[in-house]
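Peer 1: Structure in structure tokens, see below.
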Amino acid sequence: YTAWRDEILIPWKKREPESFKTAWELLVADRGGFIFEPKIGFHTDVVEVDFTSMFPMLMLTRNISAETVLCKCCPNSRIRVPELGYNICEKRRGIVPKTLDLLLRKRLEYKRLVKEASDPTLKKVYDIRQSALKWILVTCFGYLGYRNARFGKVDAHISVCAFARDALLKTAHLAEEHGFEVVHGIVDSLWIKKPGAAPKEVFDFCHEAEKLVNVPLNVEGKYRWIVFLPSKIHPEVPVLNRYYGVFEDGRVKMRGIEARRTDTPPLIKNAQLEMIEALSTAKDYEEFLSRIPKCLSIIKKYAEKLLQNEVNIEELLIAKRLSKRPQEYSHDVFQAVAAKQLMAAGFDVYLGQTVEYVIVDAYNRSPLKRVIAAPLIKPNQRYDIQKYLEMLLDAGESLLSVFGYDTERIKREALYGERQLILNKDA
């Protein structure tokens, strides 16, 4: 639309090739956003701050477009891409920034209206609209690097990433100058910590950071507590996007755990959410630890439901998307088996479809007997109790591993009633 409005010829196919790079230049250039590894464990006094529409905002404020990055008319441009040194045009505004301008202004306005609206219905409408604009803007960034994009160019795409890395690094350094500890950072968000920090201190920091990098920085919220989780395979290694926490207003935020996954059975998801709810009102580390026995009792309650066959079969459904056609799977993964069952029963099954199934005998020698597809479930359908118990214990371990609770300890204390007498920080 912008090209048509401004009478710019629209190429019938992509015409902007990527500039030649040496191996070293490619290594420096071809990277994503900046990451600060999270500090594993329990934290209080943590504030999360997020850049609003960071990548699209950088495209707008830095004039990043296929025709403006490495333009021939401004070789001595003052606007340079960090680390890469690419020049950016100063004589004309790019077609991409022109297009993004209105979208960004409308999203910022809707976000303001969400905060100010007192009518719940209006608040919801504004939130849906700003969310829709958010995903349009996210797509604009991705499309900039798409190989067949008519107005895209890889050099422009990697320039946005370079500016994003620079912005996050500068903001982290500024936070440290203000006395905050950076406990985690990922692409466009920072988790900063300063015991006793007043709200004004956080506001002043955000205001200064916004002026420094020319991208709006907002406070997502202050956490009552937050737990950054390690890798399941290597407990000493932090995971970039795996945590759960509770804001001071009671909102729960979680990433990378079972309750967030679309392929988690409702029973397991509900059990984990109930455990987080039990922990949510804890105000400090000691109070958090004192609530862990409540989590164990929740696990016991759900385990008893499984063992006594008191579970509605719909609570055990697992939904997985087919990444291949059923016959193309080289291994008998559960979703492929369920898809083959559906095909044999006369159902149409296609690539990208989500299939639902229940695990009935996970380790049966015959793959076709390991699961049953949802439409083929019969009354009084049996299920693999042991497998679902394993999933329940894994969900408990995800939340409590940093406090010394692996699946074996959870099994002992929740299912068999054996309790350790001492709970301490190094347990």
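In my numbering, the protein residues as written are 2 to 428.
For every residue, glycine included, the Cβ atom is placed at its ideal position computed from N, Cα and C.
Where does Asp333 sit, in a helix, a strand or coil, going by DSSP?
Peer 2: Reduced to three states, the DSSP call for Asp333 is coil.
Peer 1: Let's test the definition: count the other Cβ atoms within 10 Å of the Cβ of Val139 and tell me whether it reaches 16, buried, or not, exposed.
Peer 2: So Val139 ends up on the exposed side.
Peer 1: Give the straight-line distance between the Cα atoms of Ala428 and Phe404, rounded to the nearest whole angstrom.
Peer 2: In this prediction, Ala428 scores a pLDDT of 36, lower than 50, which makes its location untrustworthy; no coordinate-derived value is stated.
Peer 1: Could you tell me which residues DSSP puts in a beta bridge with Gly186?
Peer 2: According to DSSP, Gly186 bridges with Phe37 and Leu191.
Peer 1: According to the Cβ coordinates, are Asn242 and Ile300 closer than 9 angstroms?
Peer 2: Contact flag unset, no.
Peer 1: Using the C-alpha atoms, what's the distance from Ala415 back to Ser298?
Peer 2: For Ser298 and Ala415, the distance between alpha carbons rounds to 6 angstroms.
Peer 1: Is Phe152 near Ala4, with beta carbons less than 9 angstroms apart?
Peer 2: Yes, the Cβ-Cβ distance between Phe152 and Ala4 is below 9 angstroms.
Peer 1: So, for Ile490: in the same chain, excluding its five sequence neighbours on each side, which residues have a beta-carbon less than 6 angstroms away from its beta-carbon?
Peer 2: Past the boundaries of the shown model lies residue 490; the chain is included only from 2 to 428, so the question cannot be answered.
Peer 1: Skipping 5 residues on each side, what residues in its chain have a beta carbon closer than 6 angstroms to that of Pro200?
Peer 2: There are no such residues.
Peer 1: Quick one: grab the DSSP three-state call for Tyr224.
Peer 2: In this structure, Tyr224 counts as strand in the three-state DSSP scheme.
Peer 1: Within this structure, are the beta carbons of Thr53 and Val183 separated by less than 9 angstroms?
Peer 2: Cβ atoms of Thr53 and Val183: not closer than 9 angstroms.
Peer 1: Smallest Cα separation from Trp13: which of Cys72, Ala150 and Leu27?
Peer 2: Here the closest residue by C-alpha is Ala150.
Peer 1: Roughly how far, in whole angstroms, is the beta-carbon of Pro236 from the beta-carbon of Ser402, given that I think they are within contact range, below 8 angstroms?
Peer 2: Right, the Cβ-Cβ distance comes to about 7 angstroms (below 8 angstroms), so this counts as a contact.
Peer 1: With DSSP run on the structure shown, which of helix, strand or coil describes His235?
Peer 2: Correct three-state label for His235: coil.
Peer 1: Based on DSSP bridge pairs, tell me the residues matched to Glu357.
Peer 2: The partner list for Glu357 (beta bridge, DSSP) reads Ala320.
Peer 1: Taking only runs of the alpha helix (DSSP H) that begin and end inside the stretch 256-330, which ones reach a length of at least 4 residues, in chain order?
Peer 2: Counting only runs of 4 or more, we get 267-281, 286-291 and 293-308.
Peer 1: Tell me whether the stretch 383-390 and the stretch 215-229 touch, counting them as touching only if at least three CB pairs, one residue from each stretch, are closer than 8 angstroms.
Peer 2: Judged by Cβ distances under 8 angstroms, the stretch 383-390 makes no contact with the stretch 215-229, as fewer than three pairs qualify.
Peer 1: Just to check my reading of the structure: Tyr358 and Phe335 have Cβ atoms closer than 8 angstroms, yes? What is that Cβ distance to the nearest angstrom?
Peer 2: Sure, about 6 angstroms apart at Cβ, within 8 angstroms.
Peer 1: For the beta strand (DSSP E) that Gly146 lies in, which residues bound it at each end?
Peer 2: Premise fails: Gly146 is in no beta strand (DSSP E) and is neither H nor E.
Peer 1: Below 8 angstroms on the Cβ atoms is my contact criterion, and I expect Pro98 with Ser66 to pass it. Report the Cβ-Cβ distance as a whole number of Å.
Peer 2: Going by Cβ atoms, the distance from Pro98 to Ser66 rounds to 6 angstroms, so yes, they are a contact pair.
Peer 1: By the three-class DSSP mapping on this structure, what secondary structure does Ile96 have?
Peer 2: Looking at Ile96 - three-state DSSP - the assignment turns out to be helix.
Peer 1: Name the DSSP beta bridge partners of Gly42, please?
Peer 2: For Gly42, which the question treats as bridged, DSSP gives the partners Phe229.
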